[in-house]
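Inspection log for the structure reproduced underneath, given as structure tokens.
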């Protein structure tokens, strides 16, 4: 039986080369065609990788709606979209889509300037716990994954989350400028965004957000540091609400086949992604847990004025 678990780590996939054919020895599949679109511009690369790997595996899949006639729509969405729906009081992914599979995500990293007084995560964590309002933090836009990560860290340490002093910037460049300019004590962001600065010795990593250490990064995981957080800036494939069971099964076949394909795995290696597989009903259950965790953290950060939130599953566990 085909495994129903599937995921890969990292955003920003190489664009599809024109004229991609099927992988050698893979017969054409008489399945329905698919049209894949990104929920945000940032996810365009993931769409192109999915199209490329799916085409090589014998599926009819396009990034342009209508290019091959009527097609089953698939949207690539992610954590930032989920958080935005919560912040704006809009119906979420569970209400408006048919969940299919997690696709890819980015490991996040907490960094400090090279000459920071915080020698390791323990020192940083102790300061955040004792003086959250005097531990200036930076990252991407407010309420998005970087901010969520600091909220989860504060919760995990037992700090007063509402006192966390966080400034969001439109991009990692703005956060890096603030960090190196002394306007922040620490920053969070995706590992690809910070890897260059780490290699140049401009910043030091204190911890990575995944469950275990990352090759080439001299920093422990948050779990290893005593904070029960396993986190990534993930994205996923979803179908339209009310998707037929036949179309859902075909779309799951696409997602699972792509996850196991040589083309997809090669892209993961090229981009430095890690695979965290999850699909079908298991993904739907996980997504409900992730909605609960995100909503709870946004509320704790003072960004949602909602009553108590149920957090399905383990709120400290991202998988």
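Residue numbers (my numbering): 1 to 319.
Built from N, CA and C at the ideal position, the CB exists for glycine as well.
Model, not experiment: these values are computed from the prediction.
Flag this pair as yes or no: are the beta carbons of residue i and residue j separated by less than 8 Å?
| i | j | result |
| --- | --- | --- |
| residue 239 | residue 40 | no |
| residue 157 | residue 125 | yes |
| residue 116 | residue 204 | yes |
| residue 111 | residue 214 | no |
| residue 149 | residue 188 | yes |
| residue 168 | residue 139 | yes |
| residue 233 | residue 79 | yes |
| residue 250 | residue 53 | no |
| residue 118 | residue 254 | no |
| residue 137 | residue 173 | no |
| residue 93 | residue 76 | no |
| residue 268 | residue 43 | no |
| residue 179 | residue 159 | no |
| residue 151 | residue 135 | no |
| residue 87 | residue 303 | yes |
| residue 56 | residue 263 | yes |
| residue 252 | residue 288 | no |
| residue 194 | residue 109 | yes |
What residues are listed by DSSP as bridge partners for residue i?
| i | result |
| --- | --- |
| residue 108 | 190 |
| residue 36 | 74 |
| residue 62 | 35 |
| residue 235 | 78 |
| residue 98 | 239 |
| residue 138 | 167 and 187 |
| residue 204 | 112 |
| residue 221 | 208 |
| residue 279 | 101 |
Can you tell me whether residue i is buried or exposed? The criterion is at least 16 other CB atoms within 10 Å of its CB, across all chains shown.
| i | result |
| --- | --- |
| residue 243 | buried |
| residue 200 | exposed |
| residue 208 | buried |
| residue 133 | exposed |
| residue 131 | exposed |
| residue 256 | buried |
| residue 297 | buried |
| residue 320 | Nothing can be reported for residue 320, as the shown portion of the chain is limited to 1 through 319. |
| residue 305 | exposed |
| residue 216 | exposed |
| residue 47 | buried |
| residue 266 | exposed |
| residue 246 | exposed |
| residue 89 | exposed |
| residue 299 | buried |
| residue 62 | buried |
| residue 64 | exposed |
| residue 294 | buried |
| residue 190 | buried |
| residue 60 | buried |
| residue 183 | exposed |
| residue 21 | Any reading at residue 21 must be qualified, since the residue scores a pLDDT of 41, below 50, and its modelled position is unreliable; the value itself is stated next. Residue 21 should be labelled exposed. |
Please look up how many angstroms separate the CB atoms of residue i and residue j, rounded, as I've assumed it's under 8 Å.
| i | j | result |
| --- | --- | --- |
| residue 127 | residue 301 | Wrong, their Cβ atoms sit about 18 Å apart, outside the cutoff. |
| residue 202 | residue 114 | 6 Å |
| residue 73 | residue 37 | 7 Å |
| residue 121 | residue 192 | Wrong, their Cβ atoms sit about 21 Å apart, outside the cutoff. |
| residue 170 | residue 145 | With a Cβ gap of about 14 Å, residue 170 and residue 145 do not count as contacting. |
| residue 153 | residue 222 | 7 Å |
Can we count residue i as close to the ligand ZN, meaning its CB is less than 7 Å from some heavy atom?
| i | result |
| --- | --- |
| residue 228 | Here there are no bound small molecules, and the ligand ZN is not part of this structure. |
Please confirm if the region 78-90 is in contact with the region 222-229, defined as three or more CB-CB distances below 8 Å between the two stretches. no
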